[in-house]
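Taking it in order: structure first as structure tokens, then the write-up.
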Ligand SMILES: Cc1cc2nc3c(=O)[nH]c(=O)nc-3n(C[C@H](O)[C@H](O)[C@H](O)COP(=O)(O)O)c2cc1C
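In our numbering, the protein residues as written are 92 to 494.
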């Protein structure tokens, strides 16, 4: 499990929606991520989920009232407003949204929102007619003007039997927004191109040459760049991963398609990260019809694909203002030596070396252990980490380097 939110103090505001039970899981996930969580519930929320549930999940007392007899001397709304890095209001009812839009301070949660300085993330959840009502929409616009981040609800069938927008979004979307709100926006104003996944080189309409890349590392790098403020273009080979929200995703299949898309992005990119596992070869011939078992001569002749990284490195030599280049190398022996050779030969700024001989690192697993080399001779050895944490540490290295 990732420890990316380790040491962060998160205040979770729960309001009186039928979706309040989902927040129990979210709080648990935050705890697993290493965060310290406090929960404030509205009076209505406590009719849906017992405060005891949140106390047991967080290990902290759950706050339900502004005029609390416990710790009277601490003034709960001021105290709670001060000591959190981010406030997540989920689910947020139409009533609470109206309260926040009008700057009301008639319960503990709305008073904390006014008294605090931490970023505020609001996840509306309600019947779709309530959500689409002009009053709610106007209130949401107002909250956005105050700088609150509002995560659009999802469409689908709801507890009331209706269909439409109003469902709480997936936790992964909310979690990503939380991480964004806690990140320095060091990549703001930059366009980052990330390639991810394998390529497929067709033999006939049903067969192809591929590789074991899942795309997880590249997708994690794209997501992390977005969280740090970049405009992200993700050029992805075929993967099982859903395109991340807020990222332009260009789907390709073959190495040649990948080549064209990446080269087409050079003029807009400030940084290009080539995490895709691009096939070095393609079948010389792609049969228009499925090759029959009986007619195959059991030999597939191969041609070399164009080397995208090599080409980018050449462009870097010719252009005064070329993107920063981050390459990847999957190695199973002499990994430092081969990595350094590739960095120099391809004229890269950074190379991230994966040791694919280890079972817990590299292709198709959720963890990775990498070494980052830069062109000035710098070397950072990272421990075994989730791919998400590895992605952030790679960005730390790229952002922090003075090349
Ligand atoms: C069974 C039930 C489910 C409800 N679900 C929602 C909901 O999902 N979203 C919403 O905005 N209001 C919902 N309400 C209405 C709110 O509970 C009500 O507006 C309340 O005043 C909200 O107060 P609060 O924002 O202080 O928690 C529901 C009410 C009931 C009885």
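Virtual Cβ for every residue (Gly too), placed ideally from N, Cα, C.
Could you check the C-alpha separation between residue i and residue j for me, to the nearest Å?
{"i": "residue 469", "j": "residue 267", "result": "30 Å"}
{"i": "residue 418", "j": "residue 171", "result": "45 Å"}
{"i": "residue 214", "j": "residue 105", "result": "10 Å"}
{"i": "residue 360", "j": "residue 283", "result": "6 Å"}
{"i": "residue 232", "j": "residue 476", "result": "39 Å"}
{"i": "residue 153", "j": "residue 136", "result": "12 Å"}
{"i": "residue 123", "j": "residue 98", "result": "12 Å"}
{"i": "residue 165", "j": "residue 250", "result": "39 Å"}
{"i": "residue 218", "j": "residue 245", "result": "11 Å"}
{"i": "residue 483", "j": "residue 315", "result": "6 Å"}
{"i": "residue 448", "j": "residue 428", "result": "16 Å"}
{"i": "residue 229", "j": "residue 327", "result": "38 Å"}
{"i": "residue 309", "j": "residue 161", "result": "49 Å"}
{"i": "residue 396", "j": "residue 294", "result": "15 Å"}
{"i": "residue 178", "j": "residue 362", "result": "32 Å"}
{"i": "residue 121", "j": "residue 272", "result": "15 Å"}
{"i": "residue 103", "j": "residue 118", "result": "8 Å"}
{"i": "residue 206", "j": "residue 412", "result": "46 Å"}
Any heavy atom of ligand 1 closer than 7 Å to the beta-carbon of residue i?
{"i": "residue 361", "result": "no"}
{"i": "residue 221", "result": "yes"}
{"i": "residue 197", "result": "no"}
{"i": "residue 217", "result": "yes"}
{"i": "residue 414", "result": "no"}
{"i": "residue 229", "result": "no"}
{"i": "residue 114", "result": "no"}
{"i": "residue 110", "result": "yes"}
{"i": "residue 267", "result": "no"}
{"i": "residue 134", "result": "yes"}
{"i": "residue 318", "result": "no"}
{"i": "residue 167", "result": "no"}
{"i": "residue 107", "result": "yes"}
{"i": "residue 182", "result": "yes"}
{"i": "residue 290", "result": "no"}
{"i": "residue 186", "result": "yes"}
Residue i: which of the options sits nearest, CA to CA?
{"i": "residue 446", "options": "211, 426, 311, 264", "result": "426"}
{"i": "residue 366", "options": "413, 288, 335, 143", "result": "288"}
{"i": "residue 157", "options": "131, 459, 271, 352", "result": "131"}
{"i": "residue 479", "options": "262, 193, 311", "result": "311"}
{"i": "residue 180", "options": "330, 354, 247, 129", "result": "129"}
{"i": "residue 199", "options": "110, 133, 328", "result": "133"}
{"i": "residue 216", "options": "174, 238, 248", "result": "248"}
{"i": "residue 115", "options": "262, 205, 237", "result": "262"}
{"i": "residue 401", "options": "111, 432, 201, 382", "result": "432"}
{"i": "residue 300", "options": "278, 270, 392, 317", "result": "392"}
{"i": "residue 443", "options": "471, 194, 182, 297", "result": "471"}
{"i": "residue 307", "options": "108, 352, 456", "result": "456"}
{"i": "residue 169", "options": "321, 139, 209, 138", "result": "209"}
{"i": "residue 368", "options": "384, 109, 325, 421", "result": "421"}
{"i": "residue 275", "options": "318, 182, 474, 127", "result": "318"}
{"i": "residue 358", "options": "313, 389, 281, 330", "result": "281"}
{"i": "residue 48", "options": "321, 347, 290, 324", "result": "It is not possible to answer for residue 48, since the shown part of the chain is limited to 92 through 494."}
{"i": "residue 125", "options": "96, 139, 100, 101", "result": "96"}
{"i": "residue 352", "options": "324, 370, 101", "result": "324"}
{"i": "residue 279", "options": "176, 416, 321", "result": "321"}
Any contact between the region 462-472 and the region 486-493? By contact I mean 3 or more CB pairs, one from each, below 8 Å. Yes, they touch.
The region 215-227 in contact with the region 246-263 per 3-pair CB rule at 8 Å: Contact between the region 215-227 and the region 246-263 is present, because at least three Cβ pairs lie under 8 Å.
Quick one: which unbroken beta strand (DSSP E) runs of 3-plus residues sit fully inside the region 293-334? Chain order, please. Counting only runs of 3+ residues, the beta strand (DSSP E) found wholly inside the region 293-334 occupies 322-327, in chain order.
Could you tell me which whole alpha helix (DSSP H) segments of length 4 or greater appear in the region 358-421? List check, alpha helix (DSSP H) in window: 399-409.
Is it true that the region 433-441 meets the region 404-415, where meeting means three or more beta-carbon pairs spaced less than 8 Å apart? Because the criterion of three Cβ pairs below 8 Å is met, the region 433-441 and the region 404-415 touch.
When you compare the region 371-382 with the region 325-337, are there three or more beta-carbon pairs, one atom per stretch, that lie closer than 8 Å? Judged by Cβ distances under 8 Å, the region 371-382 makes no contact with the region 325-337, as fewer than three pairs qualify.
Beta strand (DSSP E) runs contained entirely in the region 200-280, provided each spans 3 or more residues: Those beta strand (DSSP E) runs which fall completely within the region 200-280 and span 3+ residues are 211-215, 245-248, 254-258.
For the structure I just gave you, are there three or more beta carbon pairs, one from the region 184-194 and one from the region 141-153, closer than 8 Å? Verdict: no, contact absent.
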